[in-house]
Amino acid sequence: CTQVLHPLLRLCTDSLSDHVSHLEQYINSMEKLSVNCHSNGETEVGSAFFRLADFSKELLSPMKNQVSRLSDEALNVCVCVCVCMCVCSKQVEKEKRELARQYGMVRSEVSGGEIAEELEKERRSFQLSMCEYLIKVNEIKTKRGVDLLQNLIKHYHSHNKYELTHTPGASGCQLRQEEEKRQLCVLRDQLRPVVHTDQDSLPKQVYSMHQLLGDKQYGTERSGFLYKKSDGLRKMWQKRKCSVHNCYLTIAHATPNKPPTRLNLLTCQVKPSVEDKKCFDLISHNRTYHFLAEDEAECVAWISVLSNSKQEALSVALDGGRKGGGGPESSVEDLTRAITDDIRRMPGNNNCCDCGAPDPGWLSTNLGILTCIECSGIHREMGVHVSRIQSLSLDSLGTSDLLLARNVGNSGFNEILEANLLSPSLKPSQHSHMAERKDFILSKYQDVHFVRRGHNSASALRLGLQEATKSCDIYSLIQLYAQKTELSQPLHAHIQEKGETALHLAVLLADRTSLHILDFLAQNCSNVDAQTSAGNTALHYSCLHNKSDCVKLLLRARANPHISNTHTHTHTPIINILYPTLSAAEIFFHLSSKREKHCKNMFSWFSW
Ligand SMILES: [Zn+2]
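For reference, each letter of the sequence shown is one residue, going 1 to 608 in UniProt numbering.
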């Protein structure tokens with residue numbers, strides 16, 4: 001009997017302790033998962049896992065206690081049974097011997113049947129007590145087992161409930177991930193055929209600067225017939241005479257007295273059709289034109305000519321628009337318009353920087369922010385040393401005027417200039433009176449009243465100025481400017497000559513991506529003509545390093561080209577860069593008397 005009972009009990013307790021150790025592993029892995037999630041940036045899910053692990057730990061210790069109690073009890077039961085059985089069997093032996101002795105001694109008194117009967121009775125009573133014992137053990141086991149089971153069920157129920165109620169982030173996260181996956185799949189399905197088309201039919205084409213490059217052998221001009229899908233409901237293919245000339249696609253109408261449609265290719269995108277190799281699309285700013293060519297070769301030719309023509313116009317524009325003529329000039333206008341549109345879409349630029357009025361149309365070119373017409377008036381009153389106001393639509397802005405606006409924007413600017421504004425309700429609204437606006441704008445710009453100020457020493461500010469210039473960090477520069485840091489002070493360390501200012505440093509480090517740093521410093525520093533120990537101004541540096549964009553920006557900020565340095569590098573290098581064809585006398589004339597007008601033309605195109 002013990003042989004059966006003991007392994008059974010062992011099995012039961014073993015499986016329970018197995019369960020406990022599994023639970024421990026489970027908690028461990030949940031903690032690991034939590035750490036992983038945290039390091040992957042999914043803090044919501046991570047902390048949910050962590051809470052779950054904590055919760056499971058709380059459940060673990062009572063369960064451990066229960067299991068150890070159960071195994072102790074099982075052991076006790078086992079020992080009891082063994083002892084009892086030993087005692088019983090000994091007693092039986094003893095009684096047997098006693099009976100035998102009695103039988104031997106008084107053989108006539110006790111019959112064999114009687115002894116057998118007695119033995120049988122003894123055996124039965126032992127069996128009965130054993131049976132009762134086993135029933136007791138069974139009851140204990142059942143009770144314990146059911147209790148444990150119920151606890152486990154409760155445990156898993158609470159797990160379930162916990163997950164549902166305490167981890168809404170997880171389900172939200174899952175939804176987000178699924179949505180993202182769905183979008184990515186859609187995108188992939190859209191992209192796949194395009195890539196295949198390119199590989200299959202137009203192997204020579206490559207994408208460069210987001211432009212489709214055409215096969216150069218087809219040139220930049222072409223005329224002939226194309227089928228254009230009508231824009232009405234019937235979607236008919238209509239045969240139209242088309243021509244590409246000077247970056248324009250002209251589409252004739254069926255009725256000869258109606259003027260043809262002219263599309264500026266600079267603002268259009270050419271796209272080969274995915275389904276039909278004889279078709280292509282031309283996407284303008286407000287419409288998509290579907291074209292069908294006679295055959296595939298014709299289609300390739302048209303696509304190439306359209307792309308080449310656009311490419312040519314772009315490179316003419318990049319050349320500085322020097323060639324003149326209608327085409328390139330309007331291209332520059334288109335580019336300016338495109339940049340202006342970009343600026344309007346920047347964060348915060350849909351509202352006036354000061355009063356929040358919608359669709360602000362005025363630009364502060366030295367601060368890079370947009371204001372409404374009322375606020376722009378107060379900006380003008382403050383003077384050009386604070387804010388230089390131009391109209392986005394009325395003034396013919398050069399691309400250089402947009403340089404700072406393209407890199408600052410109302411939101412980023414206000415995060416600095418209004419950092420300490422206690423409540424947004426202190427700002428004027430679009431319905432505020434002029435006096436209220438004026439109070440606020442003077443406090444904001446002249447007194448820089450709402451700027452957060454650290455307790456920075458003069459040397460810390462100087463170091464900050466150097467770092468901000470070096471790392472091309474426009475917002476750090478604005479913060480320093482707002483803290484009234486002297487932007488023209490000599491920096492702590494120099495690259496070439498002692499006494500270099502942030503402006504000198506900006507010239508030395510300038511490339512196409514960092515010109516706005518130079519522009520901000522040139523327009524907002526107190527002395528654009530600060531000289532190094534060798535007498536070089538930032539303008540000298542620009543000339544010495546052949547940085548014509550820097551020269552233009554500095555002249556626009558009224559840098560003086562007549563200052564001499566100690567090595568007799570005067571303004572001659574400036575002349576060499578800017579006007580290789582003009583005589584020195586002409587240049588003096590331009591730079592002095594006609595500077596204002598000339599600058600306007602000079603900056604109509606500006607390389608970015
Ligand atoms: Zn305003």
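All C-beta atoms in this analysis are idealised placements derived from N, C-alpha and C, irrespective of residue type, glycine included.
I need the straight-line Cα distance from residue i to residue j, nearest angstrom please.
i	j	result
Asp549	Asp342	22 Å
Pro203	Ala297	At Pro203 the pLDDT is 35, less than 50, meaning the model places this residue with poor confidence and gives no usable figure here.
residue 613	Cys279	Limits of the chain in this structure are 1 at one end and 608 at the other, which puts residue 613 out of reach.
Cys299	Trp237	15 Å
Thr371	Pro561	33 Å
His290	Asn410	40 Å
His494	Arg222	57 Å
Asn246	Thr220	8 Å
Gly232	Lys241	19 Å
Asn350	Asn257	43 Å
Thr399	Thr336	6 Å
Glu95	Phe126	13 Å
Tyr445	Leu417	8 Å
Thr250	Asn286	16 Å
residue 621	Gln479	An answer regarding residue 621 cannot be provided, because it is not within the stretch 1 to 608 covered by the chain.
Glu117	Glu98	15 Å
Val35	Ser29	10 Å
Leu518	Pro490	16 Å
Ser56	Arg344	54 Å
Cys543	Thr566	15 Å
Leu33	Thr43	11 Å
Leu442	Phe450	11 Å
Glu114	Arg124	15 Å
Ala482	Ile378	19 Å
Ser39	Gly412	29 Å
Lys239	Ser307	22 Å
Ser607	Asp281	The pLDDT assigned to Ser607 is 36, lower than 50, so where the model puts this residue is not dependable; a value taken from the coordinates is nonetheless given after this. Their Cα atoms are separated by approximately 30 Å.
Asn536	Thr513	24 Å
When we look at the beta-carbon of residue i and count the other beta-carbons within 10 Å, is it buried (16 or more) or exposed?
i	result
Cys185	exposed
Leu11	exposed
Leu367	buried
Glu500	buried
Thr340	buried
Gly324	Confidence in Gly324 is poor, its pLDDT being 42 and thus under 50, which makes the residue's placement too unreliable to answer from.
His540	buried
Cys375	buried
His492	exposed
Ser387	buried
Arg437	buried
Lys136	exposed
Asn76	exposed
Ser364	buried
Arg556	buried
Lys235	exposed
Asn524	buried
Ile474	buried
Heavy atom of ligand 1 less than 7 Å from the Cβ of residue i, yes or no?
i	result
Glu180	no
Ala435	no
residue 612	Residue 612 falls outside the range modelled here, since the chain spans only 1 to 608, and no answer is possible.
Lys418	According to the sequence as given, residue 418 is Glu; it is not Lys. Flag unset: Cβ of Glu418 not near ligand 1.
Glu374	yes
Ala357	yes
Thr371	yes
CB-CB under 6 Å to residue i, same chain, minus the five flanking residues each way: which ones, in chain order?
i	result
Tyr218	Ala301, Ser304 and Val305
Glu497	Thr532, Ser533 and Ala534
Asn467	Position check: residue 467 holds Glu in this sequence, whereas Asn was assumed. If we look at Glu467 and ignore the five residues flanking it on each side, it has no Cβ neighbours.
Cys16	Before going further, note that residue 16 is Leu rather than Cys in the sequence given. Here the set comprises Val67.
Leu461	Thr485
Thr570	Residue confidence for Thr570 is low, a pLDDT of 47 falling below 50, so the modelled location carries little weight; the figure read from the coordinates is stated next. Once the five neighbours on either side are set aside, the close Cβ partners of Thr570 are Ser564.
Which same chain residues end up closer than 7 Å to residue i when comparing Cβ atoms and leaving out the 5 residues on each side of it in sequence?
i	result
Ala293	Leu226, Lys278, Cys299 and Trp302
Tyr248	Arg262, Leu263, Asn264 and Leu265
Ser432	Cys355
Arg380	Ile389
Ser429	Cys355 and Gly356
Sorted by chain position, which residues of the same chain lie with C-beta nearer than 8 Å to residue i's C-beta, five sequence neighbours on each side aside?
i	result
Gly361	Leu370, Cys372, Ile373, Ser391, Leu392 and Ser393
Ser476	Gly464, Glu467 and Ala468
Open item on the list: With three or more C-beta pairs closer than 8 Å as the rule, is the region 498-514 touching the region 348-362?
Closed with: no
Open item on the list: Could you check whether the region 415-432 touches the region 394-403, counting it as contact only if at least three pairs of C-beta atoms, one from each stretch, sit closer than 8 Å?
Closed with: no
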